[in-house]
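In the working numbering, the protein residues as written are 21 to 202.
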């Protein structure tokens, strides 16, 4: 419509169904559920100018249901699901208000390029830290059985995020290794 205006061609965008139709959402307060959602978004999430999206694997149907419920409960609107080739699932909501809220919290569209970290409010309570760590490990974490026990691995290309995850592990009484590579 803007281009038509620049070309002096009359348009009537208001006649289009859904013109300036905004998804009504509720803005959540700080909670364990929001902290887990932040962890999920920092791991496998993406924020575009109009959508909050989580990309999930092909063998995670139970986790798809969990993320769908969590995203819906947080913003008070039912999320959409898109099944892609190979069984991958995108769970998303379209809401400019949700994007604004998440960006004000410190999340961004390009997590790696902008080197995003964990929002500071998550460090206020151990419950928030546990929930955020759960979201991070569910998305970018792995668990390995070693000869003498278990090893948890968290991989990400954002150094502040790795440092924040390490700080949470220390706060919760774990003994994480130093950050090596990603």
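Here a beta-carbon is modelled for each residue, glycine too, at the ideal position from N, C-alpha and C.
At which residues does the alpha helix (DSSP H) containing residue 60 begin and terminate?
52-64 is the extent of the alpha helix (DSSP H) around residue 60.
Which residues in the same chain have their Cβ closer than 7 Å to the Cβ of residue 142, if we skip the five residues on either side of it in sequence?
Hits under 7 Å: 55, 58, 148, 149 and 152.
On the criterion of 16 or more Cβ atoms from any shown chain inside 10 Å, does residue 138 qualify as buried, or is it exposed?
buried
Quick check on the DSSP output: what are the complete beta strand (DSSP E) runs of length 3 or more inside the segment 140-178, in order along the chain?
161-166 and 169-174
Among residues of its own chain, excluding the 5 on either side of residue 70, which ones have a beta-carbon nearer than 6 Å to its beta-carbon?
114
Looking only at its own chain, which residues have a Cβ that is under 6 Å from the Cβ of residue 117, when we skip the five neighbours before and after it?
45
Three or more C-beta pairs below 8 Å linking the segment 88-100 and the segment 126-140
no
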